[in-house]
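>
In the working numbering, the protein residues as written are 1 to 296.
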């Protein structure tokens, strides 16, 4: 009792209690009911490598333009909120809510995105939408797409949504677009401050935070154009602060006739708590989604 009162007062944890909590966690994972330790990303091999998205951890999805990082982030959110009914907050500084919603409809209903955008919806498209949209509409997925956002405004919004809607996954599309509380002449320092704030927020609320980031032009000068960890744009602080970094790469973004058309590599370039690897998934651009290769 005295040790428990000390923890509440000081925030310190006695080693014996911390070890017991860790053992309880491991036992829960290995029990017959296979209780999950984290949230699923929706990709089996990625979940097997990382054991999913953990509370207190920051995951960064990074790529060159037009590779599909916003789509991949939305895939994570769809799995969390629609498939697993986990309250999820999606914040975008790159796309309005209307655009994100169209992408979600395309992915969930398997209606080509260009049909939704142009209004050329077929009878089969309508049938799919009537079948799938009622389930999608009831999912605990919340969107926010402000035109301007500071790190403090983001933190305040997330705390409110955690309290009011029990949000358990935060997805942020456009980490470089968030403004720090203190402006600096060095852009790298500004991005670094934002990244550290996101990591601190993840730990404070004990929820996974997944965000997207740009890569610089270095891959364009490299043979094969495969991205590397050092290509993260404007800030080495992203590499330092993130727990997991996934670099998204598609050969067919550069070579339309490639034999790997329709494939994408999720390059797990940093994994603080485990191994790194490259996982191949399928890219279904017409439905604005990525899926496991087994689902193609």
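Positions of the beta carbon are idealized from the N, C-alpha and C atoms, including for glycine.
Return yes when the Cβ of residue 282 is within less than 8 Å of the Cβ of residue 291, no when it is not.
For this step, residue 291 is matched to residue 291 along the chain shown. For this step, residue 282 is matched to residue 282 along the chain shown. Contact flag set, yes.
> If you follow the beta strand (DSSP E) that residue 279 is in, where does it begin and where does it stop?
Within the chain shown, residue 279 is the residue found at index 279, counting from 1. Counting along the chain, the beta strand (DSSP E) containing residue 279 begins and ends at 277-284.
> Apart from the five residues just before and just after residue 289, which ones in its own chain have a Cβ nearer than 7 Å to its Cβ?
One-based indexing of the chain shown puts residue 289 at position 289. The answer, listed in chain order, is 71, 75 and 107.
> For the alpha helix (DSSP H) that contains residue 263, what are its first and last residues?
Position 263 of the chain shown, counted from the start, is the residue given in the question as residue 263. First-last for residue 263: 263-271, but that is the beta strand (DSSP E), not the alpha helix (DSSP H).
> Which class does residue 124 belong to by DSSP, given the choice of helix, strand or coil?
Counted from its first residue, the chain shown places residue 124 at position 124. Reduced to three states, the DSSP call for residue 124 is helix.
> Can you give me the start and stop residues for the beta strand (DSSP E) that residue 212 sits inside?
Residue numbering aside, residue 212 sits at position 212 when the chain shown is read from its first letter. Here the beta strand (DSSP E) through residue 212 covers 209-214.
> Quick one: is residue 224 buried, meaning 16 or more other Cβ sit within 10 Å of its Cβ, or exposed?
The residue you call residue 224 lines up with position 224 of the chain shown. Exposed, since its Cβ has fewer than 16 Cβ neighbours within 10 Å.
> Does the separation of the CB atoms of residue 67 and residue 250 fall below 8 Å?
Against the chain shown, residue 67 aligns to sequence position 67. Against the chain shown, residue 250 aligns to sequence position 250. Cβ atoms of residue 67 and residue 250: closer than 8 Å.
> Do the segment 164-175 and the segment 208-217 meet, that is, are 3 or more Cβ pairs less than 8 Å apart?
Yes, since at least three Cβ pairs between the segment 164-175 and the segment 208-217 fall closer than 8 Å, the two stretches touch.
> From this set, 158, 219 and 140, which residue's C-alpha is nearest residue 84's C-alpha?
Locating residue 84 in the chain shown gives position 84, where the first residue counts as 1. The option with the nearest alpha carbon to residue 84 is 140.
> How many whole angstroms separate the CB atoms of residue 176 and residue 213, which I take to be in contact at a CB cut-off of 8 Å?
Locating residue 176 in the chain shown gives position 176, where the first residue counts as 1. Locating residue 213 in the chain shown gives position 213, where the first residue counts as 1. 7 Å between Cβ atoms; contact.
> Taking CB distances under 8 Å as the criterion, tell me whether residue 103 reaches chain B.
Of the protein chains in the structure, only one exists, and it is not chain B.
> Measure from the alpha carbon of residue 149 to the alpha carbon of each residue in 173, 127 and 98, then state which is nearest.
If you number the chain shown from 1, residue 149 lands on position 149. Residue 149 has its Cα closest to that of 173, out of 173, 127 and 98.
> Whose C-alpha, out of 199, 197, 111 and 180, is nearest the C-alpha of residue 190?
Position 190 of the chain shown, counting from 1, holds the residue named residue 190. Cα-wise, what sits closest to residue 190 is 180.
> Hey, would you say residue 145 sits closer than 8 Å to residue 95, going by beta carbons?
What you label residue 145 is simply residue 145 of the chain shown in a count that begins at 1. What you label residue 95 is simply residue 95 of the chain shown in a count that begins at 1. Yes, Cβ-Cβ distance for residue 145 and residue 95 is below 8 Å.
> With distances taken from CA atoms, which of 102, 218 and 280 is nearest residue 133?
Residue numbering aside, residue 133 sits at position 133 when the chain shown is read from its first letter. Checked all of 102, 218 and 280; the closest Cα to residue 133 is 102.
> Quick one: which unbroken beta strand (DSSP E) runs of 3-plus residues sit fully inside the segment 158-229? Chain order, please.
Qualifying beta strand (DSSP E) stretches, in chain order: 169-173 and 209-214.
> Would you call the segment 53-62 in contact with the segment 231-249, where contact means no fewer than 3 C-beta pairs closer than 8 Å?
These segments touch.
> Let me confirm a value: residue 41 is counted as buried when at least 16 other C-beta atoms fall within 10 Å, else exposed. Which label applies?
Counting from one through the chain shown, the residue named residue 41 turns up at place 41. By the neighbour-count rule (16 or more Cβ atoms within 10 Å), residue 41 is buried.
> Could you pull out every residue in the same chain whose Cβ sits closer than 6 Å to the Cβ of residue 216, ignoring the five residues on either side in sequence?
On the chain shown, position 216 is the one that residue 216 refers to. Correct list, in chain order: 231 and 233.
> In or out: residue 88 buried (at least 16 other Cβ within 10 Å) or exposed?
Locating residue 88 in the chain shown gives position 88, where the first residue counts as 1. Buried, since its Cβ has 16 or more Cβ neighbours within 10 Å.
> Can you list, in chain order, the residues of its chain with a C-beta nearer than 6 Å to that of residue 263? Leave out the 5 residues immediately preceding and following it.
Reading the chain shown from its first residue, position 263 is the one you call residue 263. Result list for residue 263: 280, in chain order.
> Looking at the unbroken beta strand (DSSP E) that takes in residue 141, where does it start and where does it end?
Your numbering for residue 141 matches position 141 in the chain shown. Residues 141-144.
> Going by beta-carbon coordinates alone, are residue 287 and residue 110 separated by less than 8 Å?
Sequence index remark: in the chain shown, residue 287 carries index 287 (1-based). Sequence index remark: in the chain shown, residue 110 carries index 110 (1-based). Against a cut-off of 8 Å, the Cβ pair of residue 110 and residue 287 comes out as a contact.
> By the DSSP assignment, the beta strand (DSSP E) with residue 62 in it spans what residues?
Translated into the one-based positions of the chain shown, residue 62 becomes position 62. That run of the beta strand (DSSP E) goes 58-63.
> Does DSSP put residue 100 in a helix, a strand or coil?
In the chain shown, the residue the question calls residue 100 occupies position 100. Helix at residue 100.
> Which residues in the same chain have their Cβ closer than 7 Å to the Cβ of residue 226, if we skip the five residues on either side of it in sequence?
Along the chain shown, read from residue 1 onward, the residue named residue 226 stands at position 226. Only 219 and 249 meet the Cβ criterion.
> So for residue 43, helix, strand or coil by DSSP?
Within the chain shown, the letter at position 43 stands for residue 43. Note: residue 43 maps to coil in three-state DSSP.
> Relative to the C-alpha of residue 79, which candidate in 238, 130 and 53 has its C-alpha closest?
As a working note, residue 79 is residue 79 in the chain shown. Checking every option, the nearest Cα to that of residue 79 belongs to 53.
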